[in-house]
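K.L.:
Sending over a structure as structure tokens; questions will come in a sec.
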């Protein structure tokens, strides 16, 4: 069985968490963090506060929950809404068993949000850069394997002029949530370059630019593109 959860302070970030009727709320907290380890990385599972997402005894639809979460941005805004939906009697007590609780509630269905997840007071949500850190590490490892190792191998061989042009192929990678975040990486002259792309259409313009110029002209001059981090020089 599955409950759909939404994080207070985030919109369009509903995710499902599988549960058993014998699970305690404390166990469900651990499963919730495991399903969103990037967003909840700075918080211990037991410090998450969970609320049943209900109004007049019924589960909230996805659309209702998203409108509610948008109204709660920033987190200090709209105390009336907080008092209505994040109140004490909707709080999930850590020692309660989910199976016992659901005997009182309507059975959860799809296209509903069942749980609001609130981080501890004062804890900042991770930035997009922090969330992407694990993916960046993996990308760097892939780059080192595909580009750096092959570069060293090329240096150990003897090549004719025609071989040099065909041997090296630049790499481009795009990391995205398919919504409002696009991070573009490319290689040029044994360096990793990266940029945040604010407009999806700029991704394709950036790719065309890189293929045509080999990044000899800075793609950061393109509309909707901003620096993300310093390039990593490969020695």
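Numbering (the numbering used here), first residue to last: 110 to 344.
All C-beta atoms, glycine included, are put in the ideal place defined by N, C-alpha and C.
These numbers come from a predicted model, not from an experiment.
#1: With DSSP as the reference, identify every bridge partner of residue 224, one or two as the case may be.
#2: Roughly how many whole angstroms lie between the Cα atoms of residue 195 and residue 294?
#3: CB-CB under 8 Å to residue 117, same chain, minus the five flanking residues each way: which ones, in chain order?
#4: Take the Cβ of residue 141 as the centre, count every other Cβ of all protein chains shown within 10 Å, and call the residue buried at 16 or more, exposed below.
#5: So which of 199, 191 and 165 has the shortest CA-CA distance to residue 210?
#6: For residue 208, which of helix, strand or coil comes out of DSSP?
#7: List the DSSP bridge partners of residue 124.
#8: How is the beta strand (DSSP E) around residue 167 delimited, first residue to last?
#9: Would you mind working out which of 189, 159, 124 and 166 sits nearest residue 135, comparing C-alpha positions?
#10: Once DSSP output is grouped into helix, strand and coil, what is the label at residue 200?
#11: Return the first residue and the last residue of the alpha helix (DSSP H) that residue 190 is part of.
#12: Would you mind sorting residue 145 into buried or exposed? The rule is 16 or more other CB atoms within 10 Å of its CB.
#13: Counting C-beta neighbours from all protein chains within 10 Å, is the total for residue 268 16 or more, i.e. buried, or is it exposed?
#14: Using the C-alpha atoms, what's the distance from residue 191 back to residue 84?
#15: In angstroms with no decimal places, state the Cα-to-Cα distance between residue 164 and residue 314.
P.N.:
Well, looking at it:
#1: 114 and 161
#2: 41 Å
#3: 178, 181, 184, 195, 225, 226, 227 and 228
#4: buried
#5: 199
#6: helix
#7: 114
#8: 167-170
#9: 159
#10: strand
#11: 188-194
#12: buried
#13: Summary for residue 268: the model assigns pLDDT 49, below 50, so the residue's position carries little reliability; its value from the coordinates is reported in the next sentence. Under this definition residue 268 is an exposed residue.
#14: An answer regarding residue 84 cannot be provided, because it is not within the stretch 110 to 344 covered by the chain.
#15: 46 Å
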